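Heads up: the structure comes next, in structure tokens.
Residue numbers (UniProt numbering), protein chains in the order written: chain D, 1 to 80; chain F, 1 to 357.
Written as structure tokens, this is what we have:
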């Protein structure tokens with residue numbers, strides 16, 4: 001499972017992409033993915049407003065995830 | 001309209017005189033004449049949008065010039081709205097301009113926006129973005145969104161023909177300390193140029209009905225990979241049912257931050273020596289500083305908090321009042337009883353008095 005990181009999410013992780021299935025297990029839903037991100041990178045906990053896309057489609061917390069899915073983590077950005 | 005001027009539009013298949021006529025009849029409001037607003041305005045003006053409104057209350061500063069390419073060194077210190085109009089008039093004398101030398105606020109936004117067909121959101125902060133969204137939903141106006149983070153940008157067309165809104169993507173405004181802006185985080189000069197031009201393109205498409213505007217699609221641009229990605233999202237009908245503006249568009253804080261307006265702060269400065277913590281970067285501080293202010297950049301504030309005398313009132317200041325507000329929130333955790341005051345509007349609001357200090 002490929003997770004693409006944008007904005008402040010990229011800054012928190014320090015990479016533009018992470019792979020989550022290296023240990024064999026992948027999060028089963030968007031909300032599990034969020035929990036996993038927070039436990040690996042505690043700074044995610046402070047992001048109250050975070051859009052998640054699964055295979056280029058906006059996804060709510062209850063959307064289930066599979067191994068081949070491409071995820072994008074999209075925090076709001078404010079610069080202009 | 002001088003048709004010779006737009007000849008290359010008129011001979012363009014699928015564009016032609018009809019689309020050009022639509023542009024000339026269009027009234028577009030650009031909120032923010034900065035990194036995004038400058039390219040958007042320059043092209044909308046050159047392409048023949050009939051009426052352009054510009055909202056900005058800022059003045060040109062030296063650190064704007066690397067990305068706000070409409071302004072020259074000699075413009076530093078001048079009003080952005082008036083300088084922009086002066087230059088845009090020289091570029092296209094047929095355009096009608098409406099100047100709004102003010103920040104967009106809950107009080108003036110409905111009145112300003114109602115006179116336009118479409119809004120370009122070229123602002124640099126969340127409170128104004130959410131305000132634009134809600135006003136556009138109320139008035140049923142489309143708005144073309146663009147925003148930046150470092151080497152990345154986002155573009156979308158919201159509230160277009162019943163399509164999704166900004167709140168369908170990001171329902172609630174982030175808290176003050178969640179996401180940094182360009183002043184804190186930096187931005188590569190060309191990136192707002194690209195994103196602002198994409199906003200101009202989407203604006204032209206929305207006005208003329210050409211192609212497929214990015215309605216229900218968030219375009220993500222990554223300058224380092226030079227890649228574009230599209231995310232589809234749909235309307236949450238709840239967000240279209242707004243019947244009035246929110247109580248406040250200030251950053252939501254669990255406890256309100258004590259603040260002082262620029263003019264009252266100026267009177268205090270005249271009376272006595274204040275403890276002023278300037279939370280901007282050392283570079284910004286070197287460019288301009290208030291007398292007797294102490295520079296502790298926001299990123300170092302928590303680790304260097306011992307340098308602040310909590311027994312005395314502490315005035316936090318930055319360029320626009322956003323970072324200093326974050327500063328107050330950060331320090332309040334360690335010194336809940338201290339008298340911590342945010343200078344509302346920051347140095348931007350003080351600049352008219354700055355010569356004295």
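Just so it is clear, CB atoms sit at the ideal spot from N, CA and C, and this is done for glycine as well. Keep in mind the model is a prediction, meaning the values are calculated, not measured.
Report task. Determine the contact status of residue 277 of chain F and residue 137 of chain F, defining contact as a CB-CB distance below 8 Å. Result -> no
**Report entry** Listed by chain order, chain D residues near residue 220 of chain F by CB distance under 8 Å
**Finding:** 6, 72, 74
Query raised in the report: Is residue 310 of chain F near the ligand SAH, judged by its Cβ being under 7 Å from some heavy atom?
Result: Only the bare structure without any ligand can be found here, which leaves the ligand SAH out of the picture.
**Report entry** 6 Å Cβ shell around residue 37 of chain F - same chain, five flanking residues per side excluded
**Finding:** 30, 122
Query raised in the report: Quick check: the stretch 308 to 328 of chain F against the stretch 14 to 31 of chain F, are there 3 or more CB pairs under 8 Å?
Result: no
Requested in this report: For the stretch 13 to 44 of chain F, enumerate the residues whose C-beta is nearer than 7 Å to any C-beta of chain D, in chain order.
Outcome: Hits within the stretch, in order: 32, 34, 35, 36.
Requested in this report: Leaving out five residues on either side along the sequence, give the residues of the same chain with a beta carbon under 7 Å from the beta carbon of residue 326 of chain F.
Outcome: 176, 177, 298
Query raised in the report: Could you give the uninterrupted runs of the beta strand (DSSP E) lying entirely in the UniProt domain "Rhodanese" (270 to 355) of chain F, keeping only those of 3 residues or more?
Result: 275 to 278, 293 to 295, 314 to 317, 340 to 343
Report task. Flag residue 124 of chain F as yes if its beta-carbon sits less than 8 Å from any beta-carbon of chain D, otherwise no. Result -> yes
Query - N- and C-terminal bounds of the beta strand (DSSP E) containing residue 40 of chain D - result: Counting along the chain, residue 40 of chain D falls outside any beta strand (DSSP E), though it belongs to the alpha helix (DSSP H) covering 30 to 40.
Query raised in the report: Under the DSSP definition of a beta bridge, which residues are partnered with residue 79 of chain F?
Result: F/59
Query - Reduced DSSP category for residue 220 of chain F - H, G, I as helix; E, B as strand; rest coil - result: strand
Report task. Leaving out five residues on either side along the sequence, give the residues of the same chain with a beta carbon under 6 Å from the beta carbon of residue 134 of chain F. Result -> 242, 245
Requested in this report: Could you check which residue in F/13, F/347, F/288, F/47 has the C-alpha nearest to that of residue 263 of chain F?
Outcome: Here the closest residue by C-alpha is F/347.
Query raised in the report: Shorter than 8 Å from the beta carbon of residue 26 of chain D to some beta carbon of chain F?
Result: Not one chain F Cβ lies under 8 Å of residue 26 of chain D.
Query raised in the report: What's the C-alpha gap between residue 174 of chain F and residue 104 of chain F?
Result: 19 Å
Requested in this report: Pull up the distance between the alpha-carbon of residue 65 of chain D and that of residue 31 of chain D, whole angstroms please.
Outcome: The straight-line gap from Cα to Cα measures roughly 10 Å.
**Report entry** 8 Å Cβ cutoff met for residue 213 of chain F and residue 39 of chain F
**Finding:** no
Query raised in the report: Quick one: what does DSSP say residue 96 of chain F is sitting in, helix, strand or coil?
Result: strand
Query raised in the report: DSSP three-state call for residue 107 of chain F: helix, strand or coil?
Result: coil
Query raised in the report: Can the beta-carbon of residue 92 of chain F be found less than 8 Å from the beta-carbon of residue 45 of chain F?
Result: yes
Report task. Identify which residue in F/47, F/11, F/42, F/240 has its Cα closest to the Cα of residue 68 of chain F. Result -> F/42
Report task. Run down chain D in chain order and give the residues with a C-beta less than 8 Å from the C-beta of residue 267 of chain F. Result -> Result: empty, since nearest Cβ-Cβ is about 32 Å, beyond 8 Å.
Query - DSSP three-state assignment for residue 208 of chain F, whether helix, strand or coil - result: helix
**Report entry** Which of helix, strand or coil DSSP assigns to residue 130 of chain F
**Finding:** helix
**Report entry** Runs of beta strand (DSSP E) wholly within the stretch 136 to 186 of chain F (minimum 3 residues, chain order)
**Finding:** 143 to 149, 152 to 158
Query raised in the report: Taking the alpha-carbon positions, what's the residue 185 of chain F to residue 152 of chain F distance?
Result: So the alpha carbons of these two residues sit roughly 12 Å apart.
Report task. Please check the pair residue 54 of chain F and residue 33 of chain F, which I expect to be a contact at CB under 8 Å, by giving their CB distance rounded to whole angstroms. Result -> 5 Å
Requested in this report: Say whether chain D places a C-beta atom closer than 8 Å to the C-beta of residue 109 of chain F.
Outcome: no
Query raised in the report: Between the C-alpha atoms of residue 73 of chain D and residue 16 of chain D, what's the straight-line distance to the nearest angstrom?
Result: 10 Å
Report task. Please look up how many angstroms separate the CB atoms of residue 79 of chain D and residue 149 of chain F, rounded, as I've assumed it's under 8 Å. Result -> 6 Å
Query raised in the report: Can you name the start and end residues of the beta strand (DSSP E) that residue 19 of chain D belongs to?
Result: 17 to 19
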